[in-house]
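Asks:
2 protein chains.
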Amino acid sequence: MTTTSRLLTLLSLLQTRRDWPGPLLASRLDVSDRTVRRDVDRLREMGYSIRATMGPDGGYRLDVGSELPPLLFDDDQTVAVAVALQVAPALGADVEEAAARALGTIRQVMPARLRHRLDALEVTAVRRAGDPAPPTVPLDVLVTLASTIRDRATLRFDYAARHAAVGDDPQALAPRRAEPHHLVTSHGRWYLVGWDLDHDDWRLYSVDRLRPRLPHGPRFAPRTVPGGDVDAFVSARFKGSDVDAWPCRGTVVLHLPARDVLPFAGDGTVTAVDEHTCRLEAGAWSWGALAASFGRFDVPMEAVGPPELVSAFATLAERYASPGGP
Amino acid sequence: MTTTSRLLTLLSLLQTRRDWPGPLLASRLDVSDRTVRRDVDRLREMGYSIRATMGPDGGYRLDVGSELPPLLFDDDQTVAVAVALQVAPALGADVEEAAARALGTIRQVMPARLRHRLDALEVTAVRRAGDPAPPTVPLDVLVTLASTIRDRATLRFDYAARHAAVGDDPQALAPRRAEPHHLVTSHGRWYLVGWDLDHDDWRLYSVDRLRPRLPHGPRFAPRTVPGGDVDAFVSARFKGSDVDAWPCRGTVVLHLPARDVLPFAGDGTVTAVDEHTCRLEAGAWSWGALAASFGRFDVPMEAVGPPELVSAFATLAERYASPGGP
DNA sequence: CGGTCCAGGACAGAAGCTGACCTGGACAGG
DNA sequence: CCTGTCCAGGTCAGCTTCTGTCCTGGACCG
Chain A
1 MTTTSRLLTL LSLLQTRRDW PGPLLASRLD VSDRTVRRDV DRLREMGYSI RATMGPDGGY
61 RLDVGSELPP LLFDDDQTVA VAVALQVAPA LGADVEEAAA RALGTIRQVM PARLRHRLDA
121 LEVTAVRRAG DPAPPTVPLD VLVTLASTIR DRATLRFDYA ARHAAVGDDP QALAPRRAEP
181 HHLVTSHGRW YLVGWDLDHD DWRLYSVDRL RPRLPHGPRF APRTVPGGDV DAFVSARFKG
241 SDVDAWPCRG TVVLHLPARD VLPFAGDGTV TAVDEHTCRL EAGAWSWGAL AASFGRFDVP
301 MEAVGPPELV SAFATLAERY ASPGGP
Chain B
1 MTTTSRLLTL LSLLQTRRDW PGPLLASRLD VSDRTVRRDV DRLREMGYSI RATMGPDGGY
61 RLDVGSELPP LLFDDDQTVA VAVALQVAPA LGADVEEAAA RALGTIRQVM PARLRHRLDA
121 LEVTAVRRAG DPAPPTVPLD VLVTLASTIR DRATLRFDYA ARHAAVGDDP QALAPRRAEP
181 HHLVTSHGRW YLVGWDLDHD DWRLYSVDRL RPRLPHGPRF APRTVPGGDV DAFVSARFKG
241 SDVDAWPCRG TVVLHLPARD VLPFAGDGTV TAVDEHTCRL EAGAWSWGAL AASFGRFDVP
301 MEAVGPPELV SAFATLAERY ASPGGP
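Note that the protein sequences, when read in sequence, are chains A and B.
All residue numbers for the first sequence refer to the UniProt record's numbering, where the first residue is 1 and numbers rise by one.
All residue numbers for the second sequence refer to the UniProt record's numbering, where the first residue is 1 and numbers rise by one.
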């Protein structure tokens, strides 16, 4: 009998009875008691929690949590697990294989009725064609960030320049220090909300551009996120100047009621001018793109500023007017 | 990693029921493919029935019905569960509460070490401000669709007109019949891939506009999705005329290399004209919006057609030229 | 026909395993 | 208090096993 199959036998023996004295296991498995002790250690290292009681009538016992009791989900929970773990790969974290395996493990300890329900729910997650794949974040980075948040440990990390990947260019990595507060995901991208110790201000870091350094720094006293609500703070930041800072921002007046513009304003800011007119401030990567983005409302409009936007309007006017130029 | 734990990992990988090519397993387990073959042999000797298929797209697969040892959650699986179930509400299905409860149930059966790991991973999912909330799909609808797919039962359902919600107007609901094949999610929206029995063609239905009727129809023999690959089929359909049909489609020539346009083309189609020029066909909700969308590339361009697009170009030219008009 | 995949033999070197022996600590009962 | 039973863990020699690197061969697909 090989070592591995002996370990499996040991596992199943431990499941059948509460207490197994070492010498008994030794004779049952036909090995020395020293080997039994080593086997138990091995199982423990693999994550099985085996408790041992000393003295007479002692022995080894498999703890709950290893011998997973049947997971008693209700129907909704089953669906949630099935859906969540099948769609997980689209979340941007590098969880595809782990999620599939977790689903298998969960499936295994389910009562038959729920298992059938689980099996029925087959879901395919697809990315729309042409949609760029969002950068995936390694699991261990997520875990590291989460634990520093929990431990309130100052985070030291290298941060890549905007629109560079972590691995791209070692030169582009800048060391930073921050007090991490929240791990946030949105649209398949991951962000860390933290207090930047070098800038003395709140920042939103892209996790895919971040590489934690060990060891962590000293403990810190948590601060209150501005507004008290992470959700609101992050939403506001997406409009703001940190992560999705647009290099070009400008304002137009649109001949359209504010309520018609609002749903399509994206991260822009809409203010009503009068009943039929509103002001929209938005951003883009170039002045031309910004000017073009206002055109999609398909109504008359005026560029307010800055001057770059006004001249971009002029350029666009010519572009739309004269084929091929300027 | 020891041999034994590698065998358990292998088991848990095989359990996910995909076909696993030997070389892939080898890299996952960080051993040579020869060792993988030996591991598979070992598992077979222990009684697991593992099928192997030769040739390209072959691989190893664990036969169902094998009695597995009590598999444990490992670290990665824990993270996957934590992340997936916390982010689940963003998936568009109505799972928020169920997912939270499922997480609690799973938490309870975890060994302490993993439970701590689970607890550390606190994730916030936020929707960007201004991002319209995707319609949520009730769980029971998902379950109904999934089970009709599994049972190969013809689906009878009411289908709401485009951009209407199910509850909006009972008059707008049209009865339909389809052979359901796949449940697909993308960007927080849910779709059903099915063969429409009234139109004798493949269709992609928005689940949020669909209301199943009971009882289901007769069984059907499954067809092969065009191309054989659901993923590719759905991606193609998103460009096509079914779900995301743009009422206005047109073509322009952009003075920009195709490779620079492709990443930003969205669901449009890019064809290279020459080294510095390409042709882009895209769609939008209005001719004005379509014309404006081409402007974001910030390069000279020409409207090719249809005539509506050409006149939209003219209108835009005037809009960008003259403040406030026309 | 070449590419991809599984199947399995041979072999040297490395790694792991086992049993024997040891000390030590926890526990229960006479 | 002392003894017997049990777990915990260190060490060490000897041996089994495992692994990677060869190799050949067959099945399958386009």
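From the three backbone atoms N, C-alpha and C, an ideal C-beta is built for every residue, glycine too.
Please read all numbers here as calculations on a predicted model, not as lab measurements.
(1) Would you give the residue range spanned by the beta strand (DSSP E) that A/Leu-254 belongs to?
(2) Please check if any C-beta of chain B sits within less than 8 angstroms of the C-beta of A/Ala-317.
(3) Grouping DSSP H, G and I as helix and E and B as strand, with all else coil, what is A/Ala-102?
(4) To which residues of the same chain is B/Ala-317 closer than 8 angstroms at the C-beta, ignoring the five residues directly before and after it?
(5) Under 8 angstroms, do A/His-199 and A/Ile-149 count as touching if we go by C-beta distance?
(6) Using a Cβ-Cβ cut-off of 7 angstroms (strictly less than) and excluding sequence neighbours within five positions of A/Arg-152, which residues of its own chain qualify?
(7) With DSSP as the reference, label A/Pro-175 as helix, strand or coil.
(8) Helix, strand or coil: which one does DSSP assign to A/Pro-89?
(9) Give the DSSP bridge partners of A/Ser-206, in chain order.
(10) Kindly indicate which residue of B/Val-87, B/Trp-285, B/Tyr-159 and B/Leu-145 has the alpha-carbon position closest to the one of A/Leu-183.
(11) Less than 7 angstroms between C-beta atoms, sequence neighbours within five positions excluded: which residues of the same chain meet that for A/Ala-146?
(12) Note down, in chain order, each residue of its chain lying with its Cβ closer than 8 angstroms to the Cβ of A/Leu-139, except the 5 sequence neighbours on either side.
(13) Just to confirm my understanding: we take A/Ala-284, look at its own chain, exclude 5 residues before and 5 after, and list those with CB closer than 6 angstroms. What are they?
(14) Show which residues of chain B have a CB atom less than 7 angstroms away from the CB atom of A/Phe-313.
(15) Take every Cβ of the stretch 296 to 303 of chain A, pair it with every Cβ of the stretch 13 to 26 of chain B, and state whether three or more of those distances are shorter than 8 angstroms.
(16) Please report the straight-line C-alpha distance between B/Leu-71 and B/Gly-47, rounded to a whole angstrom.
(17) Three-state secondary structure (DSSP) at A/Phe-297?
(18) Compare the C-beta of B/Leu-8 with all C-beta atoms of chain A and state if any pair is closer than 8 angstroms.
(19) Which word fits A/Thr-4, buried or exposed, when buried means at least 16 other C-beta atoms lie within 10 angstroms of its C-beta?
(20) Tell me, please, whether the CB atom of A/Met-54 is closer than 8 angstroms to any CB atom in chain B?
(21) Starting from A/Val-270, follow the beta strand (DSSP E) in both directions and report where the run begins and ends.
(22) Would you say the beta carbon of A/Leu-103 is closer than 7 angstroms to some non-hydrogen atom of the ligand ZN?
(23) With a threshold of 7 angstroms on Cβ separation, who are the neighbours of A/Thr-136 within its own chain once the five nearest residues in sequence on each side are excluded?
(24) Return the chain-ordered list of same chain residues with a C-beta closer than 6 angstroms to the C-beta of B/Leu-103, the five sequence neighbours on each side being excluded.
(25) If the criterion is Cβ atoms closer than 8 angstroms, does the pair B/Asp-158 and B/Ala-178 meet it?
(26) Which term fits B/Asp-208, buried or exposed, when burial requires 16 or more other beta carbons within 10 angstroms of its beta carbon?
(27) For a contact meaning CB atoms closer than 7 angstroms, what does A/Pro-180 contact in chain B?
(28) For the alpha helix (DSSP H) that contains A/Val-261, what are its first and last residues?
(29) For A/Pro-212, which of helix, strand or coil comes out of DSSP?
(30) Give the secondary structure of A/Phe-233 by DSSP, where H, G and I count as helix, E and B as strand, and everything else as coil.
(31) Inspect the beta-carbon positions of B/Val-193 and B/Val-234 and report whether they are closer than 8 angstroms.
(32) What in chain B is Cβ-close to A/Glu-122, meaning under 9 angstroms?
(33) Put B/Val-304 into one of helix, strand or coil per three-state DSSP.
Replies: The short version:
(1) As a working mapping, residue 254 of chain A is identified with position 254 in the first sequence. Here the beta strand (DSSP E) through A/Leu-254 covers 248 to 254.
(2) Residue 317 of chain A sits at position 317 when you count from the first residue of the first sequence. Yes, A/Ala-317 counts as interfacial toward chain B.
(3) In the first sequence, the residue the question calls residue 102 of chain A occupies position 102. Three-state result, A/Ala-102: helix.
(4) For the purposes of this step, residue 317 of chain B is taken as residue 317 along the second sequence, with counting starting at 1. There are no such residues.
(5) Locating residue 199 of chain A in the first sequence gives position 199, counting from the first residue. Locating residue 149 of chain A in the first sequence gives position 149, counting from the first residue. Going by C-beta atoms, A/His-199 is not nearer than 8 angstroms to A/Ile-149.
(6) Residue numbering aside, residue 152 of chain A sits at position 152 when the first sequence is read from its first letter. Arg-219, Phe-220 and Pro-222.
(7) In the first sequence, the residue the question calls residue 175 of chain A occupies position 175. The answer is strand: DSSP assigns A/Pro-175 an E or B state.
(8) Along the first sequence, read from residue 1 onward, the residue named residue 89 of chain A stands at position 89. Reduced to three states, the DSSP call for A/Pro-89 is helix.
(9) Translated into positions along the first sequence, residue 206 of chain A becomes position 206. Bridge partners of A/Ser-206: A/Tyr-191.
(10) Taking the first sequence and counting its residues from 1, the one referred to as residue 183 of chain A is at position 183. Comparing Cα positions, the closest option is B/Val-87.
(11) Here residue 146 of chain A refers to the residue found at position 146 of the first sequence. Result list for A/Ala-146: Leu-183, in chain order.
(12) To locate residue 139 of chain A, count along the first sequence from 1; it is residue 139. Ala-93, Asp-94, Val-95 and Ala-98, listed in sequence order.
(13) Locating residue 284 of chain A in the first sequence gives position 284, counting from the first residue. Correct list, in chain order: Trp-246, Cys-248, Leu-290 and Ser-293.
(14) On the first sequence, residue 313 of chain A is found 313 positions in, with the first residue counted as 1. In chain order: Tyr-320.
(15) no
(16) Position 71 of the second sequence, counting from 1, holds the residue named residue 71 of chain B. Position 47 of the second sequence, counting from 1, holds the residue named residue 47 of chain B. So the two alpha carbons sit approximately 16 angstroms from each other.
(17) In the first sequence, counting from the first residue as 1, residue 297 of chain A sits at position 297. Note: A/Phe-297 maps to coil in three-state DSSP.
(18) As a first step, residue 8 of chain B is located in the second sequence; it is residue number 8 there, counting from the start. Judged by the 8 angstroms Cβ criterion, B/Leu-8 is in contact with chain A.
(19) Residue mapping note: residue 4 of chain A aligns to position 4 of the first sequence, counting from 1. It counts as buried.
(20) One-based indexing of the first sequence puts residue 54 of chain A at position 54. Closer than 8 angstroms: no.
(21) Within the first sequence, the letter at position 270 stands for residue 270 of chain A. Start and end: 269 to 272.
(22) You won't find the ligand ZN in this model; it holds no ligand whatsoever.
(23) Taking the first sequence and counting its residues from 1, the one referred to as residue 136 of chain A is at position 136. Result list for A/Thr-136: Gly-92, Ala-93 and Asp-94, in chain order.
(24) Numbered from its first residue, the second sequence carries residue 103 of chain B at position 103. Taken in chain order, the residues that qualify are Leu-85.
(25) Translated into positions along the second sequence, residue 158 of chain B becomes position 158. Translated into positions along the second sequence, residue 178 of chain B becomes position 178. The answer is no: Cβ separation not under 8 angstroms.
(26) Within the second sequence, the letter at position 208 stands for residue 208 of chain B. By the neighbour-count rule (16 or more Cβ atoms within 10 Å), B/Asp-208 is buried.
(27) Along the first sequence, read from residue 1 onward, the residue named residue 180 of chain A stands at position 180. Residues of chain B passing the Cβ test: none, with the nearest at roughly 11 angstroms.
(28) Taking the first sequence and counting its residues from 1, the one referred to as residue 261 of chain A is at position 261. Here the alpha helix (DSSP H) through A/Val-261 covers 258 to 261.
(29) Along the first sequence, one-based indexing puts residue 212 of chain A at 212. A/Pro-212 falls in the strand class under three-state DSSP.
(30) Translated into the one-based positions of the first sequence, residue 233 of chain A becomes position 233. Of the three classes helix, strand and coil, the one that applies to A/Phe-233 here is helix, per DSSP.
(31) In the second sequence, residue 193 of chain B corresponds to position 193, counting from 1. In the second sequence, residue 234 of chain B corresponds to position 234, counting from 1. Yes, these two residues count as a Cβ contact at 8 angstroms.
(32) Looking up residue 122 of chain A in the first sequence gives position 122. Under the 9 angstroms cutoff, chain B gives Ala-146, Ile-149, Arg-150, His-182 and Leu-183.
(33) Locating residue 304 of chain B in the second sequence gives position 304, where the first residue counts as 1. Strand.
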